[in-house]
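Protein chains in written order, with this note's numbering: chain A, 1 to 439; chain B, 1001 to 1439.
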């Protein structure tokens, strides 16, 4: 965001030992590994908060509030005197002068640079689809999706046209990966609950959730038996699957999948991701998914002092397969690089190569249903779901959030109620509110 | 909001026995009193949620999340089969045809009408001030204020100009009533904490909170000794008071109070309220504050079947003073009217006059400090603050919210941390977000 006056070419601060771009899992882990040392670190993010993305779908489906899964970066790093946090938008990197260029032209000079800017949704060249089919990467988008889901129900309630009602009660989710599967399960539960309990004039049979995946199966990154389990579970729950069909068109009120036109009140995008434009900043040739190929120590070939981690980096594992864009990869790379830079700057040691330790890949499918893939072995069903819940609560940033989320989950589980079904006035898709109040 | 197709003059539903406009304290209490009967009731609100306004200032100051203090109206009334909830914007009332007119021209016909649309902030003819100085009536506004407070700090952090920093760290609050006093106390605590803990490059002495009141004292509705206590407490806490000074001008970056120009990063309006335009809908002569004069049974003289309650109604107490625009007044009037209508429609009985029972008027000033006025006697200090907290938790709509708010308050109290310090991307004052993510 535009926080700086455009006074180009002026350095904002003395040259920092380490500048980190991005306060996500990777950037934050890197900063924490450098915390408490004499190395002065600047972390730049265009958001003031770290977002726990694995639970973002629960904000979009009104189970949790944004604040439950986001934490001010300043609060997380506040205890480290050697780390400074900047809320600013990065527009490029001057690798020659070793400076990060911020919106407005101001510069932040570095000795060592860590780029952890993650990935964005890939609309495969149809960027006009984005307006109709938001992805699930930010609180803003999660709120937008929640908004559309809830408004569609309200509109349907007021409609006297059966076809319009059907369309409004139809949600289409594009992409059968973890995000798509999690959204499909959650939207399905939310919708069926609301019709049951709060919208009794609506007909149950008019409510539809369609999950479309271009590939042959759901959860393509998981073993087949887990994909089959997910497909069975969702089908039994009433979700309609469209496998092996490509999305041809997305408009505000309908999508075309294969040859089928589906009228809908809400479209959600979870299909493909591509790395943020780091390769363009650095002027290097991007690899698959626009990711920046890096050395085993996460440095960028030919650019001294520049490192890329997380979704933005392209690194192969022992078997020559690129490491997936997962939180645990970003986190492990951040910690590795933070320690490596510390050893380099403090004792001038150079580290061994980064090694990824697979902690297990998971997706939650619905009430009492999740899948875990630990490589050698798998888990599914209620036990996996419990483990998923425990792991995700444990991964939350502090005790208060763990407690709050746990309590809300227990309450959801018992009552099936959703706590955060708030339509924000003045939110996207609504006219600006006057300060008139109904209370 | 615009939910209906503009097909004028068509009635949306069969004529309802009772139509309630507004799902605030008054409207909801009225609906609940009618719940479970054979009287068919339609409650119309342009929001999907009931908002617990007494705690809205805590959302604006990042202590609570919107969902903690708002509840879907459908959820609250879902158990009553005889009540239908409509999310729609009312544009007028056709008292002759006994119909409520919705945006788009659709109509909802009534036998008995209850108008509980509350009040809006009164900018005393300077409606251009609203953009610079939002009030505190909706979640949208609370989020906007939170946004401006947090962004101002981030901007100050990045600024290299001392004067600009000073301006950005100055918050001006207009209006010394409960809202203004509560905001001043909360902003002061939030700001001092953030400088202490998270923005160490900023100077404590640059942080200012200015509370301006046109009248001679704070909390004009309270006894003088409580006003003095509030003034002393806030002054000791570092808040600057401007009493007896009128606001002459409000711009985006400064305000003029009396002859003093104050450069500021955030202006908050809590000065005056006026009733929503009910008198105009009904074509009656409004009383003070644009309120509609009503009979002792809350009906409107000369308009059969029309009732007004809460902030929108003007009714005098035994001593001939108009009842204040308080939640407890609206709630008591709603319950009274719901029961009265029930008796009227079920047994054709007509009720006695409404009588207000003062449950005590309160305002919280800061950590360990609140005031209570029970008419005959008063309370202030730590005990009043504890009572305030207990009463407000108890007034929350259900057990889950009570538990969540209690836990967050305990955590705030111990850690002084604020839980909801989230700057929403794409929120007012920020550029729209792309779906690029830092995680």
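Glycine is no exception: its CB is placed at the ideal position from the N, C-alpha and C atoms.
- Residue environment analysis places residue 1258 of chain B among the exposed positions, since fewer than 16 neighbouring C-beta atoms fall within 10 angstroms of its C-beta.
- Using beta-carbon distances, residue 1397 of chain B does not count as an interface residue toward chain A, since no partner is under 8 Å.
- Taking the Cβ atoms as the reference, residue 170 of chain A lies roughly 6 Å from residue 265 of chain A, within the contact range of under 8 Å.
- A straight-line Cα-Cα distance of about 45 Å links residue 1058 of chain B and residue 256 of chain A.
- Residues of chain B with a Cβ closer than 9 Å to the Cβ of residue 49 of chain A are, in chain order, 1421, 1422, 1423.
- Straight across, the Cα-Cα distance linking residue 1235 of chain B with residue 1211 of chain B is about 10 Å.
- By the Cβ test, the region 46-61 of chain A is in contact with the region 142-149 of chain A, since at least three Cβ pairs between them sit closer than 8 Å.
- Using beta-carbon distances, residue 299 of chain A does not count as an interface residue toward chain B, since no partner is under 8 Å.
- If only uninterrupted alpha helix (DSSP H) runs of at least 4 residues are considered, those enclosed by the region 176-261 of chain A are 178-197, 224-237.
- Residue 366 of chain A is bridged by DSSP to A:369.
- For the region 1330-1413 of chain B, the full-length alpha helix (DSSP H) segments reaching 4 residues or more read 1382-1395 along the chain.
- Look at residue 1139 of chain B: its C-beta is under 8 Å from a C-beta on chain A.
- Annotated as distal: residue 1080 of chain B and residue 1027 of chain B, with beta-carbon spacing of 8 Å or more.
- Taking all protein chains shown into account, residue 53 of chain A has 16 or more neighbouring C-beta atoms within 10 Å of its C-beta and is therefore buried.
- With the rule of 3 Cβ pairs closer than 8 Å, the region 1182-1191 of chain B counts as touching the region 1226-1244 of chain B.
- Just measuring C-alpha positions, the residue of B:1089, B:1084, B:1103, B:1111 sitting nearest residue 1095 of chain B is B:1111.
- Look at residue 280 of chain A here: in three-state DSSP terms it is helix.
- Spatial neighbours of residue 218 of chain A in its own chain (CB-CB distance under 7 Å, excluding positions within 5 residues in sequence) are listed in chain order as 176, 181, 227, 230, 231.
- Straight through space, the alpha carbons of residue 192 of chain A and residue 201 of chain A are spaced by roughly 13 Å.
- If you draw a straight line from the Cα of residue 164 of chain A to the Cα of residue 327 of chain A, it comes to about 40 Å.
- In terms of beta-carbon proximity, residue 1086 of chain B lines the interface with chain A, with at least one pair separated by less than 8 Å.
- Residue contact with chain B for residue 149 of chain A: absent (no Cβ-Cβ distance below 8 Å to any residue of chain B).
- Under the three-state reduction of DSSP output, residue 1076 of chain B falls in the helix class.
- In this structure, residue 1082 of chain B places its C-beta atom within 8 Å of the C-beta atom of residue 1038 of chain B.
- For residue 1300 of chain B, the three-state secondary structure derived from DSSP is coil.
- In the DSSP annotation of this structure, the continuous segment of the alpha helix (DSSP H) that includes residue 1145 of chain B starts and ends at 1139-1158.
- Close partners of residue 1065 of chain B in chain A (Cβ separation under 9 Å): 65, 66, 67, 68, 420.
- Assignment of residue 50 of chain A by DSSP, reduced to helix, strand and coil, places it in the strand class.
- Note on geometry: alpha-carbon atoms of residue 1190 of chain B and residue 1061 of chain B lie some 7 Å from one another.
- When secondary structure is reduced to three states using DSSP, residue 1311 of chain B falls in the helix class.
- Under the 8 Å criterion on CB atoms, residue 417 of chain A is classed as interfacial with respect to chain B.
- The DSSP-derived three-state label of residue 423 of chain A is coil.
- Per DSSP, the unbroken beta strand (DSSP E) holding residue 1084 of chain B starts and ends at 1083-1087.
- Closest option to residue 1174 of chain B, judged by alpha-carbon separation, among B:1338, B:1395, B:1272: B:1272.
- Residue 198 of chain A belongs to the set of residues whose beta carbon lies under 8 Å from a beta carbon in chain B.
- No Cβ-Cβ contact shorter than 8 Å links residue 153 of chain A with residue 222 of chain A.
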